[in-house]
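Heads up: the structure comes next, in structure tokens.
Protein chains: 2
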Amino acid sequence: MKDPVATPRIHDVARLAGVSPATVSRVLSNPSIVSERTRAAVEKAVEETGYTINLTARNLRQQQVGAVLALVPNLANPFFSEILAGISETLRAEGLSLLVLDTRQTDPGAAGRGLQAYLNRSRADGVIVLDGSLDRSLFEHAACPPVVQACEWIDGLHGPRVLADNQTGARLAVEHLLALGHRRILHLTGPASNSLSVSRAAGVAEALEAAGLPPAPRIEGAFSLGSGHTASAGVLSLPERPTAVFCDNDEMAIGLMAGLRAAKIRTPEDISIVGFDNIEMSAYVSVPLTTVRQKRAHLGRRAAEMLLAHRETPSPDTEIILPVELVIRDSTTALRKD
Amino acid sequence: MKDPVATPRIHDVARLAGVSPATVSRVLSNPSIVSERTRAAVEKAVEETGYTINLTARNLRQQQVGAVLALVPNLANPFFSEILAGISETLRAEGLSLLVLDTRQTDPGAAGRGLQAYLNRSRADGVIVLDGSLDRSLFEHAACPPVVQACEWIDGLHGPRVLADNQTGARLAVEHLLALGHRRILHLTGPASNSLSVSRAAGVAEALEAAGLPPAPRIEGAFSLGSGHTASAGVLSLPERPTAVFCDNDEMAIGLMAGLRAAKIRTPEDISIVGFDNIEMSAYVSVPLTTVRQKRAHLGRRAAEMLLAHRETPSPDTEIILPVELVIRDSTTALRKD
DNA sequence: AGAGATAATGAAACCGATTTCATCGACAAT
DNA sequence: ATTGTCGATGAAATCGGTTTCATTATCTCT
Numbered sequence: 001m002k003d004p005v006a007t008p009r010i011h012d013v014a015r016l017a018g019v020s021p022a023t024v025s026r027v028l029s030n031p032s033i034v035s036e037r038t039r040a041a042v043e044k045a046v047e048e049t050g051y052t053i054n055l056t057a058r059n060l061r062q063q064q065v066g067a068v069l070a071l072v073p074n075l076a077n078p079f080f081s082e083i084l085a086g087i088s089e090t091l092r093a094e095g096l097s098l099l100v101l102d103t104r105q106t107d108p109g110a111a112g113r114g115l116q117a118y119l120n121r122s123r124a125d126g127v128i129v130l131d132g133s134l135d136r137s138l139f140e141h142a143a144c145p146p147v148v149q150a151c152e153w154i155d156g157l158h159g160p161r162v163l164a165d166n167q168t169g170a171r172l173a174v175e176h177l178l179a180l181g182h183r184r185i186l187h188l189t190g191p192a193s194n195s196l197s198v199s200r201a202a203g204v205a206e207a208l209e210a211a212g213l214p215p216a217p218r219i220e221g222a223f224s225l226g227s228g229h230t231a232s233a234g235v236l237s238l239p240e241r242p243t244a245v246f247c248d249n250d251e252m253a254i255g256l257m258a259g260l261r262a263a264k265i266r267t268p269e270d271i272s273i274v275g276f277d278n279i280e281m282s283a284y285v286s287v288p289l290t291t292v293r294q295k296r297a298h299l300g301r302r303a304a305e306m307l308l309a310h311r312e313t314p315s316p317d318t319e320i321i322l323p324v325e326l327v328i329r330d331s332t333t334a335l336r337k338d
Numbered sequence: 001m002k003d004p005v006a007t008p009r010i011h012d013v014a015r016l017a018g019v020s021p022a023t024v025s026r027v028l029s030n031p032s033i034v035s036e037r038t039r040a041a042v043e044k045a046v047e048e049t050g051y052t053i054n055l056t057a058r059n060l061r062q063q064q065v066g067a068v069l070a071l072v073p074n075l076a077n078p079f080f081s082e083i084l085a086g087i088s089e090t091l092r093a094e095g096l097s098l099l100v101l102d103t104r105q106t107d108p109g110a111a112g113r114g115l116q117a118y119l120n121r122s123r124a125d126g127v128i129v130l131d132g133s134l135d136r137s138l139f140e141h142a143a144c145p146p147v148v149q150a151c152e153w154i155d156g157l158h159g160p161r162v163l164a165d166n167q168t169g170a171r172l173a174v175e176h177l178l179a180l181g182h183r184r185i186l187h188l189t190g191p192a193s194n195s196l197s198v199s200r201a202a203g204v205a206e207a208l209e210a211a212g213l214p215p216a217p218r219i220e221g222a223f224s225l226g227s228g229h230t231a232s233a234g235v236l237s238l239p240e241r242p243t244a245v246f247c248d249n250d251e252m253a254i255g256l257m258a259g260l261r262a263a264k265i266r267t268p269e270d271i272s273i274v275g276f277d278n279i280e281m282s283a284y285v286s287v288p289l290t291t292v293r294q295k296r297a298h299l300g301r302r303a304a305e306m307l308l309a310h311r312e313t314p315s316p317d318t319e320i321i322l323p324v325e326l327v328i329r330d331s332t333t334a335l336r337k338d
């Protein structure tokens with residue numbers, strides 16, 4: 001006794017239309033090579049049966065997966081999810097699915113093992129890596145599908161990259177502070193090994209050097225609200241209190257402002273603060289944040305486009321640098337003379 | 001001339017181990033039915049060849065996809081991405097992949113068509129819907145895989161659900177305001193048709209009724225910072241200005257606070273504000289927000305678990321209601337007598 | 001009219017695993 | 001000694017499409 005409402009197969013459509021399964025397949029994937037008459041007949045049969053293709057079967061034959069994997073350090077962070085939205089948009093237009101994996105999910109030891117299983121040509125046709133802290137060896141084996149790095153990058157790992165112009169962004173931020181008269185500028189960084197922190201530090205150094213100033217002191221944070229908050233204690237305990245702080249992202253900047261406020265230090269009157277990223281919230285906090293805007297959704301789209309291009313013709317280590325822009329709001333002001 | 005480094009197939013492993021492909025398959029998926037000796041030989045051969053299974057082939061034979069699709073209204077919204085993180089965690093433990101689709105991506109007309117293509121048994125083994133604004137007809141056809149609704153829900157759509165206790169949360173929030181002496185309480189809602197807004201409105205009504213008060217006036221927002229900001233004008237133009245506002249989420253609450261601040265209305269001295277969700281930012285804004293905490297990652301995990309259970313034995317319309325909790329911070333205070 | 005090119009189509013091989021079914025040998029029970 | 005049971009294994013069918021290759025019909029050109 002067989003299921004009376006089994007979903008139809010290509011064979012069923014073929015029989016109804018009076019053609020072979022091969023012809024039905026052709027109508028579905030390359031209609032131009034089928035005669036007008038049969039095409040119409042097949043389309044009618046598809047309609048009547050309510051046939052939908054079985055993608056697994058197609059993918060098996062075509063040696064593909066129909067999906068791209070995005071590796072995100074922290075799914076719960078809006079910064080990354082907006083990039084994801086951009087990736088998703090581009091992939092969807094190509095009929096590809098977006099697979100998402102949070103790289104921080106399992107404990108550090110198990111993380112590699114678990115990831116390895118996903119970095120396989122049978123899991124995804126390509127990978128977009130948003131986590132610069134992963135080990136390059138994860139991606140350097142035959143079974144790993146093509147990789148594109150976006151936003152952050154992994155030292156020594158080859159392949160295309162899409163990055164924001166972090167160095168210029170940091171330089172613009174610091175130049176802005178210098179123009180306002182600030183000289184004692186602190187840099188609140190992400191984790192020292194993070195590729196973003198490194199290139200932003202270069203931008204900071206560039207601006208200070210050009211002004212003939214010594215390198216900026218640093219406090220290391222973790223890109224989180226909490227770490228920005230914690231850093232406020234460090235800022236205040238410095239022998240020479242800085243008059244301005246450049247933060248490697250907006251969340252730390254907001255956390256820092258909260259910490260300073262609790263210590264009765266006002267922004268921007270007592271300390272000017274600049275962030276990076278221009279997250280939506282930055283415009284709505286009590287002192288709207290001066291920051292560096294980067295277009296996250298656009299970055300995601302470009303990354304997806306690169307991956308698609310890279311699959312067709314494996315390109316060399318092309319690197320796209322997307323422009324950034326300083327957004328001046330209320331958290332920075334001219335240094336008070338006293 | 002064939003590729004000298006073609007990835008090994010199960011056949012290659014079998015030959016090296018001196019057994020049949022069937023036996024290799026058994027070692028990989030059900031080792032207990034293979035003798036100790038052969039199992040060791042096969043495992044050694046797998047090791048030597050670096051064999052990794054082709055999931056597409058397995059999935060075709062096993063009539064599954066190995067992936068679950070999450071339908072999110074807005075990927076860029078941290079509220080949803082934290083639920084996603086929970087879903088991802090549970091799925092990963094089961095070896096399943098997480099597919100993500102942003103339902104707001106395409107224009108409204110095309111949205112249905114585009115979605116339909118993804119709501120197919122050959123795309124995913126199951127679907128977790130986080131968007132209550134979708135039409136139930138999308139899910140009510142034979143080709144659609146099992147559906148679990150999480151967080152929001154779709155009117156009239158059957159199947160398991162995981163929800164936060166929205167009504168109780170709203171009631172607790174309003175009871176808190178009532179206890180502080182507030183009587184003119186406004187409800188800043190999400191879109192009127194949204195299922196969350198509806199059940200939270202019920203909680204608001206419940207609390208007011210119990211206190212013998214008339215229903216609260218409402219302003220409709222869109223769960224966004226911007227809509228909260230905009231709502232401030234509406235709040236201030238009311239003939240009788242409210243002394244407290246209950247907002248359907250934290251982002252609107254924060255947006256509202258920003259708007260009120262710009263109009264020189266202080267929180268909580270002039271107006272008390274309560275939010276919902278307890279997003280991380282709420283603790284760091286200049287006036288830390290009183291809000292209703294719901295455990296988003298946990299909600300995601302439960303949804304994934306339900307889906308897995310539901311696949312095995314299609315359960316009736318079970319509904320899980322997760323507890324919520326009032327978090328009192330600084331944005332609410334006792335009504336000033338004057 | 002005949003040769004050659006072209007278009008449309010179907011039969012069958014193929015993608016790479018899993019799973020059914022049959023076989024074989026070892027061992028226990030009668 | 002014979003039969004039955006059980007465990008381990010391999011041959012072959014299977015999942016549901018796509019694609020190659022061969023065949024036939026149609027058309028063009030000399």
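Listed in order, the protein sequences are those of chains A and B.
Take 1 as the starting number for the first sequence in full-length UniProt numbering and just add one per residue.
Take 1 as the starting number for the second sequence in full-length UniProt numbering and just add one per residue.
Each residue gets a CB set at the ideal place from its N, CA and C atoms; glycine is no exception.
What whole-angstrom Cβ distance do residue i and residue j have, given they're in contact under 8 Å?
i	j	result
Val148 (chain A)	Leu326 (chain A)	About 28 Å separates the two Cβ atoms, so there is no contact after all.
Asp277 (chain A)	Thr290 (chain A)	Not a contact, Cβ separation roughly 12 Å.
Asp125 (chain A)	Arg261 (chain A)	In fact, because the Cβ distance is near 49 Å, the residues do not count as touching under 8 Å.
Thr267 (chain B)	Met257 (chain B)	5 Å
Leu75 (chain B)	Asp131 (chain B)	Incorrect: roughly 11 Å between the Cβ atoms, too far for contact.
Val68 (chain A)	Leu101 (chain A)	No, Val68 (chain A) and Leu101 (chain A) are not in contact; Cβ-Cβ is about 11 Å, not under 8 Å.
Leu60 (chain B)	Leu60 (chain A)	5 Å
Give me, in chain order, the residues of the same chain whose beta-carbon lies closer than 7 Å to that of residue i; leave out the 5 immediate sequence neighbours on both sides.
i	result
Ser20 (chain B)	Ala14
Leu335 (chain B)	Leu180, Gly181, His182 and Thr243
residue 346 (chain B)	As displayed, chain B neither begins before 1 nor continues past 338, which places residue 346 (chain B) out of reach and without an answer.
Ala263 (chain A)	Ser232 and Leu236
Hey, could you find the ends of the alpha helix (DSSP H) residue i is sitting in?
i	result
Arg311 (chain B)	Arg296 to Glu312
Glu48 (chain A)	Glu36 to Thr49
Val27 (chain B)	Pro21 to Ser29
Leu178 (chain B)	Asn166 to Ala179
Glu251 (chain B)	Asp250 to Ala262
Is it buried or exposed for residue i, if we count other Cβ within 10 angstroms and need 16 for buried?
i	result
Gly228 (chain B)	buried
Pro314 (chain A)	exposed
Asn249 (chain B)	buried
Thr332 (chain B)	buried
Gly190 (chain B)	buried
Arg136 (chain A)	exposed
His11 (chain B)	exposed
Ala17 (chain B)	buried
Ser62 (chain B)	Checking the sequence, you will find Gln at residue 62 (chain B) rather than Ser. The residue is exposed, with fewer than 16 neighbouring Cβ atoms inside 10 Å.
Ala85 (chain B)	buried
Arg200 (chain B)	buried
For the beta strand (DSSP E) containing residue i, list its first residue and its last residue.
i	result
Val327 (chain B)	Glu325 to Val327
Thr291 (chain A)	Thr291 to Arg293
Val13 (chain B)	Not the beta strand (DSSP E): Val13 (chain B) falls in the alpha helix (DSSP H), residues Ile10 to Ala17.
Val274 (chain A)	Ser272 to Val274
Glu269 (chain B)	Element bounds for Glu269 (chain B): n/a, residue is neither H nor E.
Glu319 (chain A)	Glu319 to Leu322
Thr189 (chain B)	Ile185 to Thr189
Taking 6 Å as the limit between beta carbons, can you name the residues of its chain near residue i, skipping five residues before and five after?
i	result
Glu220 (chain A)	Thr189 and Ala192
Ala164 (chain B)	Gln294, Leu322 and Val324
Pro73 (chain A)	Thr103, Arg104 and Asp131
Val287 (chain B)	Thr267, Asp330 and Ser331
Ile328 (chain A)	Thr290
Val127 (chain A)	Leu69, Pro145 and Val147
Ser133 (chain B)	none
For this session: Taking only runs that begin and end inside the segment 191-247 of chain A, name each unbroken beta strand (DSSP E) of 3 or more residues, in chain order.
Result: 218-220 and 244-247
For this session: Please list the segments of the alpha helix (DSSP H) lying wholly inside the segment 91-162 of chain A, counting only runs of 4 or more residues, in order along the chain.
Result: 108-118
Exercise. Can you give, in chain order, each stretch of the beta strand (DSSP E) that sits fully within the segment 51-78 of chain B and has at least 3 residues?
Worked result: 67-72
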